[in-house]
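Under this note's numbering, the sequence shown has 332 at position 72, and the numbering climbs by one with no breaks. Every residue, glycine too, gets a C-beta built ideally from N, C-alpha and C. Here the structure is a predicted model, which is why all the values come from computation and not from measurement. Single-structure report; data block below.
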Amino acid sequence: MLYIFPDKLLDERLPTDVYCQSSWFESAIHSVVGYLLVHFTLFQKWTDEFLTWNVSEYGGIETIATQAENIWRPDMFLYHNVNHEFGGWLEDVVMISSDGQVDWKAPAVTMSACLVDVSDFPFDKQKCYLQFGSWNQDGRHVDYFSESEVGDMANLIRNVEWDVPKLSVERHEHNFNGVPYPDVTFTMHMTRRSTFYVINMFLPCALLAFVVGATFYLPPDCGEKISFGVSVLLTLTVFQLVVAQEVPQSESVPTVGLFIIVSLALMTLSLLATTFVMNLGDSGEENHPVPGWARKVFLKYISRALLMGDQSGQNEDELWYRYNAYPSPEHMKNNTIYINRKVDGNSIYSGTERRSRLGLPARPERKSRASPTKLEYLLEIKGAVEEISAYMEKLDTVKNIHNDWKTLATVVDRIFLVLYLVACIIALVVTLLNLRGFMEPEGSHAGDDTS
């Protein structure tokens with residue numbers, strides 16, 4: 261069927277003016293694949309000089325309805341259309357007035373490419389552009405205008421994921437080789453509804469990051485510290501995979517994703533710190549006393565600053581004396597002494613044998629007597645008791661050394677806890693400050709910024 265431009269026979273210098281308006285019913289951004297799905301009706305109005313009549317000659321009929329395929333229509337096309345099944349506008353009925361004005365309501369469901377910036381996910385705001393223009397005719401034949409600066413959203417269905425606070429309309433004109441090509445661009449400002457993502461993604465990640473701090477409250481010799489930290493680390497890794505599936509593959513990285521990565525790094529450092537603390541707590545196995553500077557700095561001053569009280573305990577000089585004045589640790593392994601035998605010349609260990617078993621230096625041998633007196637027996641018993649007492653004191657000293665190392669490990673663990681919590685708070689605050697839409701309520705105006 262051959263169509264003639266309405267203005268050709270009247271004035272070839274004047275193009276046909278097409279006025280556009282729209283009514284939107286549904287919209288949603290599929291951010292993973294990067295397109296905007298819209299359901300709308302496009303209203304187009306123009307004047308066709310060939311479709312006029314005298315009302316008085318036709319019984320007072322002012323308007324008629326006919327199939328759109330029977331008349332000339334502007335070939336308006338949606339640029340950046342990604343719906344391969346979109347066959348064009350619905351060939352519906354058009355209304356024609358006696359003065360030649362044609363009103364065409366063309367409903368459509370289509371998809372348009374939309375560049376999604378997920379830097380502020382899930383508090384992001386997006387702008388999607390739907391650019392309509394002629395595909396075959398330039399501005400010398402068909403010119404497009406918008407009847408309003410905003411689109412009609414009275415019938416817009418509420419989307420569970422996105423809020424549309426504004427729909428602006430602008431006319432643009434591009435020149436190619438001196439030929440004008442006008443278009444009408446609808447800009448849809450959309451704000452993501454973040455409540456779902458905050459409750460199910462952001463908040464659990466933040467809580468998991470802080471829960472790791474509980475590992476620093478476990479005793480240094482508790483083997484569950486490592487397994488607990490690894491379990492939380494794996495859980496946060498799963499959340500990272502979920503975030504990666506919810507956002508499109510692009511050069512912009514979500515701030516929430518960066519927060520999760522920082523949390524993973526902090527958790528990894530916490531596991532390394534836990535390993536160091538556990539190794540520090542086992543340093544007492546070698547029976548080396550805590551260095552004096554460490555006792556003074558960590559067990560006295562830092563422990564007070566951490567509200568743990570003075571953990572320095574006994575004077576380090578006394579511990580040094582006890583550690584060096586008695587048998588070596590190797591001799592302490594054989595720590596069983598038998599004193600429940602009969603008191604006679606052959607029943608009790610001799611002084612040399614007894615001191616050898618305790619790791620003490622041997623005393624000078626006395627000259628043997630034919631019949632030891634009762635006083636000599638008592639002296640032998642006294643010596644044995646003194647040696648046993650010294651041995652027990654040595655055991656207490658070694659025990660104190662072990663406890664000192666564990667106390668030192670506890671203080672260092674508390675230091676790591678404070679550092680970890682401070683790092684988590686800083687990471688959380690920086691993340692929230694970098695989220696441009698976090699401080700604004702949902703549904704706030706999303707079109708004030710410039711694209």
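- For I356, no alpha helix (DSSP H) segment is defined; the enclosing uninterrupted segment is the beta strand (DSSP E) at V353 to S357.
- For Y637, there is no enclosing beta strand (DSSP E); the residue is found in the alpha helix (DSSP H) stretching over K634 to N694.
- Per DSSP, I521 is one residue of the alpha helix (DSSP H) stretching across T515 to G541.
- In the three-state reduction of the DSSP assignment, M461 falls in the helix class, which pools H, G and I.
- Between S283 and S523, the alpha-carbon positions lie close to 46 Å from each other.
- Within the model, the alpha-carbon separation for W332 versus D363 is close to 12 Å.
- Rounded to whole angstroms, K560 and T691 show a C-alpha spacing of 37 Å.
- Distance from the CA atom of N415 to the CA atom of H290, rounded to whole angstroms, is 21 Å.
- Around the beta carbon of T633, fewer than 16 other beta carbons lie within 10 angstroms, which makes this residue exposed.
- Where L390 is concerned, the enclosing beta strand (DSSP E) starts and stops at K385 to S394.
- For L478, same chain residues with a beta-carbon under 8 Å away, outside a window of 5 residues either side, are E484, K485 and F488 in chain order.
- H449 is bridged by DSSP to K387 and K426.
- At the C-beta level, P480 and T670 come within 8 Å of one another.
- Sorting V672, F405 and V472 by C-alpha distance to the C-alpha of Y279 places F405 at the top.
- In this structure, the alpha-carbon of M450 lies about 9 Å from that of A288.
- DSSP places K305 in the uninterrupted beta strand (DSSP E) bounded by Y295 to T312.
- Counting the other CB atoms within 10 Å of its CB gives Q304 a total of 16 or more, which places it among the buried residues.
- The region 456-470 makes no contact with the region 646-663: fewer than 3 CB pairs, one atom from each, lie closer than 8 Å.
- With a threshold of 16 other beta carbon atoms within 10 Å, Q386 meets it and is buried.
- The shortest C-alpha to C-alpha distance from V444 to any of N437, H432, R452 and T455 is the one to H432.
- V492 is positioned such that its CB atom lies closer than 8 Å to that of L468.
- Annotated three-state conformation of W553 is helix, per DSSP.
- In the DSSP assignment, W284 forms a beta bridge with F300.
- Relative to D335, the option among L311, A687 and A366 whose CA is nearest is A366.
- By alpha-carbon distance to D384, the top candidate from T534, L375, L427 and V369 is L375.
- A distance below 7 Å between beta-carbons, with the five flanking residues on each side excluded, links V402 to the following residues of its chain, in chain order: P275, T276, V278, P334 and S394.
- The distance from the Cβ of V502 to that of P514 is about 12 Å, inconsistent with a contact at the 8 Å cut-off.
- Excluding sequence positions up to five before and after T326, its CB lies within less than 8 Å of the CB of V353, V354 and I356, all in the same chain and listed in chain order.
- The closest CA to that of I520, considering only L688, G294, S316 and E286, is found on L688.
- Per DSSP, the beta-bridge partners of W364 are Q304 and V354.
- When DSSP states are grouped into helix, strand and coil, V503 belongs to the helix group.
- N437 carries a coil assignment under DSSP once its states are collapsed to helix, strand and coil.
- A Cβ-Cβ separation of about 19 Å leaves C388 out of contact with S408 under the 8 Å criterion.
- Beyond the five residues adjoining it in sequence on each side, E430 comes within less than 8 Å, by CB distance, of S406, E409, V444, T445 and T447 in the same chain, given in chain order.
- Annotation: L302 to V472 spans about 55 Å, alpha carbon to alpha carbon.
- In summary, R674 is buried, with 16 or more beta-carbon neighbours lying within 10 Å of its beta-carbon over all protein chains present.
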